[in-house]
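A.B. asks: As they're listed, the protein sequences go chains X and D. End of the first sequence = 1636 in our numbering, gap-free, step of one. End of the second sequence = 496 in our numbering, gap-free, step of one. Would you mind keeping the following structure in view while I ask a few things?
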Amino acid sequence: MAQALEITDLKKTYDTGVSALKGVSLEVAEGDFFALLGPNGAGKSTLIGAICSLVRPTAGSIRIFGHDLARDRETALGLLGVVPQEINFNQFEKPFDIVANQAGFYGLPRPLARERAERYLKQLSLWDKAFVASRTLSGGMKRRLMIARAMVHEPKLLILDEPTAGVDIEIRRSMWQFVEQINRDGTTVILTTHYLEEAEQLCRNIAIIDKGEIVRKSDMKSLLASLDRETFVLDLVEACDALPNVEGVTLRRIDALTLEAEVPKGTELNLVFRALDSAGIRLRSLRNKANRLEELFLALVDRKGHAA
Amino acid sequence: MNTHGNLTALNTIVMREISRILRIWGQTLVPPAITMTLYFVIFGNLIGSQIKDMNGIRYMDFIVPGLIMMSVIQNSYGNIVSSFFGSKFQRFIEEILVSPTPNWVILSGYCIGAIVRGLMVGAIVLVVALFFTRLEVKHPLITLLTLFITALTFAFAGFINAMFAKKFDDISIVPTFILTPLTYLGGVFYSISLLPPFWEKVSHFNPILYMVSAFRYGVLGKSDVPIGTSLAVMILAAVILGAYSSWLLVRGRGLRN
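Okay, here's the thing in structure tokens:
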């Protein structure tokens, strides 16, 4: 299958001397739903900036569907749509104009631009706000507007840079339904997010970047399978005084009625149950901690407690 | 993009600029009309009636071309510097930068917007002037050519200012400390033949003198500087500033890291 994105030995050193990218190489296959994760300051924004031509690389190359960004910039950018992290539209313009104008920058004739603007604003539930000043939109609406704007020229590769930051659960879910649908329809999607459970649920492949370097590239299943420990959340019937010792297992108290058990893979859970039972601790329920990726992420970037 | 796509992108930028000019007409079109009306009333009518003819021309008639030119200069410059810097400041210039729109289309689009504003305000000032005097344009082609080149030159100048500007203060420094003095000293209100020889020579280093002079020649048929010299200086200024603007855009100064 063709590569939607090929990045080869990409380096970026800013005028200040900061080396933001130290030879990043990455491939994203056509049709993929790809997660690019990394802590703050890891180089994600620089990498995305370089892909959409807002950052000039110091060395290396970027190819979008085989078109070199340096040599064939217009064709390469024509295949790309970007939803940036920060709000970057004219807040005095109306959503309809913002989306239709964006189509114009990609050379779409005005009638088609208007038709597409209407279609995407409707798909993202913004049609009733199409002709109000965009500064009056809520945070979630502004983010959806940027998705509609990025989709209006129907790119083959869509980059979403933390699109759900500060968006409530309901809107986040509807945004992901939309993005999953366009991915099913053939658009390659690259996602960066602080909500690692989103990446775990949505993405098939993942790269983790830290200090300007890719520290892990893998498919999501293999990456999660490489976890050597699992964490379970235990809900108690009543509060307990002391926690028992179980060999190899770390038990933590989350609150009076909740414990967390970090268990090496392959360890029988019966060991934990027996120890708890002996200590007079009665369990009401048990669940696997959903955010497994977060544990891996923190281990890979070696910064326990560091926000992604 | 192909030629048709580029023209569509160009049209999009131009229409967005025109829409901005009309949306904030209270800031873009009305103030120059009020200011120029005051100039006509105070300098042209009240003080001007006490002043002798200038180069054989009634003073009111003498200042009309200068005031129109002053409006065109200030408004073409002011339009692009505030619009382009605003798009940088709010970061919506990125909408265009991440698209396949070529640099020449971006520069042309913003410059056409600035020229449109300059010419719209020029037309408003002309209408205001007609309440105070009768105008007979002697050389229409030269008049139009001068208007266009002047608006284009100051569109480029405003674009350069916007490219370098990092804060809103930076877009008011050049108009306040450079553009306004040069305009006032460029023969808008007087003929440079009135100046002592030294200052008359110094005035020839002021490019605005050539623009005002050429426009006055187009409208009244008389000027301080030969029309050929004026046109040559104007075209040279436009080419130099246009080339520098393009170079800055290609380098992505202040736009691309």
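The beta carbon of each residue, even a glycine, is placed where N, CA and C say it ideally should be. Source: prediction; values computed, not measured.
(1) List the endpoints of the continuous alpha helix (DSSP H) containing D/T382.
(2) Does X/Y1434 have its Cβ less than 8 Å from a Cβ in chain B?
(3) So is D/K405 buried or exposed if we call it buried at 16+ other beta carbons inside 10 Å?
(4) Specify the secondary structure class of D/Q266 as computed by DSSP and reduced to three states.
(5) How many Å lie between X/A1535 and X/Q1529 at the Cα?
(6) Going by the DSSP bridge assignment, what does X/A1589 pair with across the sheet?
(7) Mind pulling the chain X residues with CB within less than 8 Å of D/P341?
(8) If you count every other CB in all the chains shown that lies within 10 Å of the CB of X/N1533, and 16 or more means buried, which is it?
(9) On the criterion of 16 or more Cβ atoms from any shown chain inside 10 Å, does X/Y1342 qualify as buried, or is it exposed?
(10) Closest Cβ-Cβ distance between D/L374 and chain X: below 8 Å?
(11) Would you mind working out which of X/E1421, X/K1422, X/F1420, X/I1415 sits nearest D/R330, comparing C-alpha positions?
(12) Would you verify that the beta carbon of X/Y1448 is, or is not, closer than 8 Å to some beta carbon of chain D?
(13) Where in the stretch 1447-1510 of chain X do unbroken runs of the alpha helix (DSSP H), each at least 4 residues long, occur, reported from the N-terminal end onward?
(14) Note down, one range per segment and in chain order, each alpha helix (DSSP H) of at least 4 residues found wholly within the stretch 1589-1616 of chain X.
(15) Considering only the alpha carbon of each residue, which of X/R1501, X/A1478, X/D1605, X/R1580 lies closest to X/Q1407?
(16) Thinking C-beta only, is X/S1381 closer than 8 Å to X/L1397?
(17) Helix, strand or coil: how does DSSP classify X/V1517 here?
(18) Just mark X/K1340 as buried or exposed, buried being the case when its beta carbon has 16 or more other beta carbons within 10 Å.
(19) For D/I290 and D/Y298, which I take to be in contact (beta-carbon distance under 8 Å), what is that distance rounded to the nearest angstrom?
(20) Taking only the alpha-carbon atoms, compute the straight-line gap between D/T251 and X/Q1430 and give it to the nearest angstrom.
(21) Using CA coordinates, which residue listed in X/V1591, X/D1569, X/A1567, X/Q1413 is at the minimum distance from X/G1576?
(22) What residues in the stretch 1344-1368 of chain X bring their beta carbon closer than 8 Å to a beta carbon of chain D?
(23) Do D/N245 and X/G1432 have their C-beta atoms closer together than 8 Å?
(24) Please decide whether D/A248 counts as near chain X, where near means a Cβ-Cβ distance under 8 Å.
(25) Which chain X residues are close to D/V337, counting only those with a beta carbon under 8 Å from its beta carbon?
(26) Thinking C-beta only, is X/V1543 closer than 8 Å to X/L1628?
(27) Find out if the Cβ-Cβ distance for the pair X/G1467, X/V1507 is shorter than 8 Å.
(28) Answer with yes or no whether the minimum CB distance from D/G457 to chain X is below 8 Å.
(29) Cα-Cα, which of X/G1514, X/T1492, X/A1527 is closest to X/Q1413?
(30) Would D/I354 and D/S310 qualify as a contact pair, given that the criterion is a beta-carbon distance under 8 Å?
(31) To the nearest angstrom, how far is it from the Cα of X/R1602 to the Cα of X/I1475?
(32) For D/V253 and D/G348, what's the separation of their Cα atoms in angstroms?
(33) Indicate whether at least one CB of chain X lies closer than 8 Å to the CB of D/F407.
(34) Since X/F1361 is in the alpha helix (DSSP H), which residue starts that stretch and which ends it?
(35) Going by C-alpha distance, which of X/C1531, X/F1424, X/D1605 is nearest X/Y1448?
(36) What three-state label does DSSP hand D/M240 in the structure shown?
C.D. replies: Looking at the atomic coordinates:
(1) 379-403
(2) Going by chain labels, chain B is absent from the structure shown, which instead holds the protein chains X and D.
(3) exposed
(4) helix
(5) 15 Å
(6) X/F1560, X/L1579
(7) E1402
(8) buried
(9) exposed
(10) no
(11) X/I1415
(12) no
(13) 1467-1479
(14) 1597-1606
(15) Before going on, a small fix: residue 1407 of chain X reads as Leu here, not Gln. Taking only the C-alpha atoms, the option nearest X/L1407 is X/A1478.
(16) yes
(17) strand
(18) buried
(19) 4 Å
(20) 9 Å
(21) X/V1591
(22) none
(23) no
(24) yes
(25) C1380, S1381, L1382, L1405, L1408, V1410
(26) yes
(27) no
(28) no
(29) X/T1492
(30) no
(31) 52 Å
(32) 5 Å
(33) no
(34) Here X/F1361 belongs to no alpha helix (DSSP H); instead the beta strand (DSSP E) covers 1361-1365.
(35) X/F1424
(36) coil
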